[in-house]
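Quick notes on the structure that follows.
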Amino acid sequence: MALYFLGWELELLEERVRTVERRLERRMLRDTKNAYELPRNEFMDIFRLSPELSMDLTNTLRPFLQRERNSGIPVEIQVLVAVYFYAKGSYQRATGDHFDLNVSQPSVSRCLHAITDAINNNLLRQWVRFPMTNLERNNAREEFCNAPQPFEGAIGAIDCTYINILAPKDHEEAFVNHHGNHSLNVQAVVSPKLKILNINARYPGARNDSYIWSTSPIRRAMEFHYNKGERHTWLIGDSGYPLEPWLMTPLPHYREGTRQLKYTMKHCKARNVVERFFGVFKSVWRCLSYQRVLMYAPDMAGKIVNACAVLHNMRIHYRIPIDVENIENGNNDEYAIRNFQQNEDEIAESPRDLELLQCKFKNKYSKIGSMDTLMVMLKHNKQKITKQINLYLSLKMCNKLKIVVCFV
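Here you go:
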């Protein structure tokens, strides 16, 4: 019996020794590897940030991330661990095993929580700001007036998107969206330059867009300015939102040649910027992709969305280019589905135009299915196109397919 316990204690001791050896090995690898010595393009491909932006972010967060002991993980590595997770959406163990990071899975978890909390608590309000002052709102209106697809009086385009999450323990049914997935329904307001003006990641997937808008502080802010006499400033949203004096939506079912139809087409062209934003946002920060699931509770998942929003605006401020070509070449199927750039898409201006475009696409891509079905679905309900689009994706035709937009 004594020999049994002695053997058991020896096994425990050996396991502790192996654990210490692994820690020492990881620390030695971290000391010999320096991610900032990577070529600039490789660094940006891995972390989605430039080395300068990454270092500035580290220095900004450093006061809030003091190490508990001298042998702890350096702040630079903590930031890179979190940013790598945001950019790749990998499991924590795979993130820690990256050759430039070399940290354990528990350390990845601690780094991710620490960095995410630090960004939410200290940077979110600074980097994601809705225009509230007269100067800010005038600048926002001017930006929309000078946009490639202008819309006079608009200061932002609004829409919602689903971010898949782990099924929560409490009120699980509230997070099931109409696709049957557990998710958050995230509302965003963006500028023509894809800058995030507001992000709201607090609502479960079962809540619809109009409900989130009705309880949003942004709606109260728009109503406040309207009641103060600001009559020519509004947001633009799709038909999922109510038409209000401060929120412009499409006007469906009007005939060709009417002012209402012309307004609707101009509105849809200008509002497409928010569709493009979601594609870019989820492509850069792959942890938010529809192909991924954030394996966290809703509160933590919402904080991760907020952190990615801050980093997105920081990328714009540092003028890091958006690699749209890389996105369109197949690295993001969702962006291929929702690729609504005006210089590439064809807009159906009337039922006759729609019919001609249907014939054109049906003849050109007759081998991959009925374009008529896709067109009608796009015209009536953008949420119903998922299964049809998946067919095109499975046939690898998405990089050649032009989607005709007619959400009226």
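Just so you know, the UniProt record's numbering puts 106 at position 106 of the sequence shown, and the rest follows in order with no gaps. Beta carbons: idealized from backbone N, C-alpha and C, even for Gly.
Cutoff 8 angstroms: residue i Cβ touching any chain D Cβ
{"i": "A167", "result": "Given the protein chain composition of this structure (a single chain), no chain D is represented."}
DSSP bridge partner residues for residue i (one or two, in chain order)
{"i": "N200", "result": "Q187"}
Reduced DSSP secondary structure (H/G/I, E/B, other) of residue i
{"i": "A221", "result": "helix"}
{"i": "I115", "result": "helix"}
{"i": "I46", "result": "helix"}
{"i": "I155", "result": "strand"}
{"i": "S90", "result": "coil"}
{"i": "S54", "result": "helix"}
{"i": "I77", "result": "helix"}
{"i": "Y318", "result": "coil"}
{"i": "L61", "result": "helix"}
{"i": "P106", "result": "helix"}
{"i": "N34", "result": "coil"}
{"i": "N326", "result": "With a pLDDT of 49 at N326, under the threshold of 50, the modelled position of that residue is not reliable, and the figure given next carries that caveat. Correct three-state label for N326: helix."}
{"i": "N41", "result": "helix"}
Assigned exposure category for residue i - 16 Cβ within 10 Å defines buried
{"i": "M314", "result": "buried"}
{"i": "I196", "result": "buried"}
{"i": "T133", "result": "exposed"}
{"i": "D170", "result": "exposed"}
{"i": "C145", "result": "exposed"}
{"i": "E52", "result": "exposed"}
{"i": "P192", "result": "buried"}
{"i": "A167", "result": "exposed"}
{"i": "residue 415", "result": "A query on residue 415 cannot be resolved here, the shown segment of the chain reaching from 1 to 408 and no further."}
{"i": "R219", "result": "buried"}
{"i": "P106", "result": "exposed"}
{"i": "K271", "result": "Rather than Lys, the amino acid found at residue 271 in this sequence is Arg. R271 comes out buried."}
{"i": "T233", "result": "buried"}
{"i": "Q126", "result": "exposed"}
{"i": "L184", "result": "buried"}
{"i": "F281", "result": "buried"}
{"i": "L135", "result": "exposed"}
{"i": "E37", "result": "exposed"}
{"i": "P217", "result": "exposed"}
{"i": "M295", "result": "exposed"}
{"i": "T215", "result": "exposed"}
{"i": "E142", "result": "exposed"}
{"i": "P131", "result": "buried"}
{"i": "H182", "result": "buried"}
{"i": "R319", "result": "exposed"}
{"i": "residue 494", "result": "Any property of residue 494 remains undetermined from this structure, which presents the chain solely from 1 to 408."}
Jot down the residue ranges of each uninterrupted alpha helix (DSSP H) in the stretch 118-153, minimum 4 residues, whole runs only, in chain order.
124-127 and 134-145
Alpha helix (DSSP H) runs contained entirely in the UniProt domain "DDE Tnp4" (158-313), provided each spans 4 or more residues
209-214, 217-227 and 259-284, all fully within the UniProt domain "DDE Tnp4" (158-313).
Would the stretch 162-176 count as touching the stretch 254-269 if we require 3 or more Cβ pairs under 8 angstroms?
Between the stretch 162-176 and the stretch 254-269 there are fewer than three C-beta pairs closer than 8 angstroms, too few to call the two in contact.
The stretch 33-52 contacting the stretch 297-306, beta-carbon criterion three pairs below 8 angstroms
no
Taking 8 angstroms as the threshold, find out whether the stretch 230-245 comes into contact with the stretch 204-213 through three or more Cβ pairs.
yes
Can we say the stretch 273-290 touches the stretch 156-163, given the rule of at least three CB pairs closer than 8 angstroms?
With a cut-off of 8 angstroms, the stretch 156-163 and the stretch 273-290 count as touching, because enough Cβ pairs lie within range.
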